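Residue numbers (the numbering used here): 1 to 380.
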């Protein structure tokens with residue numbers, strides 16, 4: 001890890017006057033897709049800590065922004081991630097010292113966007129809050145990512161993804177009817193509701209800041225974002241199509257037999273997601289199950305929960321009798337929304353994923369998910 005005094009610009013040197021990578025430790029960027037650097041020329045300062053903040057600035061770096069990440073001295077393994085840190089310049093600075101906060105303020109003065117992941121009030125105590133930095137850089141877009149937000153009774157409470165989705169009611173919806181709630185790694189609050197929506201917020205604020213010279217503070221709370229992610233289920237509930245107190249008995253939570261995971265003869269799993277009638281019909285015909293249905297396929301309302309036990313009793317053994325390889329071959333040219341559940345290693349070798357370039361390997365031999373989305377010139 002670079003030393004704070006030897007490997008960063010001197011405090012009196014204005015960051016805009018230095019080479020962007022001078023005196024710092026650059027991480028390799030992913031080779032961009034053609035035309036995929038719309039944020040070229042945008043400078044970002046990453047004080048985001050771990051997880052969702054670095055994920056947000058990884059996306060900004062993928063989009064072409066010049067990202068400088070400040071790390072504490074002797075940063076532990078939780079502060080280092082070769083994928084989330086790609087395309088960034090890493091600088092060591094001790095924000096508990098005057099020299100460290102002065103350096104951070106200088107870098108912020110030269111930035112278009114700042115991302116911080118401190119508890120509410122911590123940046124202000126360091127002299128790095130929005131009011132402090134807007135005095136010298138009024139157009140700065142100041143992105144704040146926290147668990148519970150800048151305000152509210154839980155604002156100062158420590159937490160992680162699991163607690164945030166528990167607090168929204170979302171966690172209780174995940175899992176099967178006969179088991180406890182199941183958590184989806186830390187994808188929903190940290191990365192979907194947190195880092196991803198922070199990116200949306202700072203990019204939405206950036207054009208106005210450039211037009212008017214007046215920046216914006218973006219309060220991206222993971223609990224807010226996680227709650228937003230299940231908007232569709234709230235809509236379903238209003239329509240009578242989702243029952244919050246009936247986990248594992250709804251359309252998209254393993255209740256419906258046509259939207260579930262099934263074991264195969266070789267101990268693997270296959271995903272079945274034939275929600276729409278035409279895909280369900282193709283699925284049934286491919287497995288030759290028409291004669292076993294509770295009603296003729298032409299008149300069967302497969303969305304009717306009254307049919308679900310009978311449909312599951314037909315579908316499960318048909319898949320359990322076949323190996324995953326046999327199922328993949330059977331549905332290879334069928335539009336039935338059936339896919340194998342792959343391991344991480346298998347996903348990297350999947351022909352479609354290979355052709356699309358879903359994964360790339362950096363100079364250090366680390367495999368990365370490729371930047372997304374992709375851009376191409378208009379009219380191309």
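Each residue gets a CB set at the ideal place from its N, CA and C atoms; glycine is no exception. Here the structure is a predicted model, which is why all the values come from computation and not from measurement.
Per the C-alpha coordinates, the member of 246, 143 and 245 positioned closest to residue 196 is 143.
The straight-line gap separating the alpha-carbon atoms of residue 133 and residue 216 is approximately 12 Å.
If the five residues before and after residue 273 are omitted, its C-beta is found closer than 7 Å to the C-beta atoms of 259 and 337, all from its own chain and listed in chain order. One alpha carbon belongs to residue 187, the other to residue 226, and they sit about 10 Å apart. For residue 229, the uninterrupted alpha helix (DSSP H) segment begins and ends at 222-229.
Residue 54 and residue 46 do touch by the CB rule: their CB atoms are close to 7 Å apart, below 8 Å. Rounded to the nearest whole angstrom, the C-alpha separation of residue 128 and residue 101 is 7 Å. Rounded to whole angstroms, the separation of the alpha carbons of residue 252 and residue 67 is 38 Å.
Close CB contacts of residue 310 within its chain, under the 6 Å cut and outside five residues either way in sequence, are with 294 (chain order). Your pair residue 242 and residue 170 does not check out as a contact, with CB atoms roughly 12 Å apart and the cut at 8 Å. Burial is judged here by how many other beta carbons sit within 10 angstroms of a residue's own beta carbon; residue 306 has fewer than 16 and is exposed. By the criterion of a C-beta distance shorter than 7 Å, residue 279 is surrounded in its chain by 335, 336 and 337, once the five residues flanking it on both sides are discounted. Ranked by how close their Cα comes to the Cα of residue 48, the residues 157, 198, 185 and 112 have 198 in first place. Spatial neighbours of residue 157 in its own chain (CB-CB distance under 8 Å, excluding positions within 5 residues in sequence) are listed in chain order as 147 and 148. For residue 245 and residue 177, the gap between their C-alpha atoms comes out near 10 Å.
For residue 167, same chain residues with a beta-carbon under 7 Å away, outside a window of 5 residues either side, are 223 in chain order.
Where residue 361 is concerned, the enclosing beta strand (DSSP E) starts and stops at 359-361. In the DSSP annotation of this structure, the continuous segment of the beta strand (DSSP E) that includes residue 66 starts and ends at 66-71. Take residue 85, set aside five residues on each side of it, and the residues of its chain with a beta-carbon closer than 8 Å to its own are 27, 54, 58 and 69, in chain order.
Collapsing the DSSP output to three states places residue 199 in a helix. At the C-beta level, residue 218 and residue 192 stay beyond 7 Å of one another.
The Cβ atoms of residue 60 and residue 44 lie closer than 7 Å to each other. Closest by C-alpha distance to residue 212, out of 139, 369, 189 and 228, is 139.
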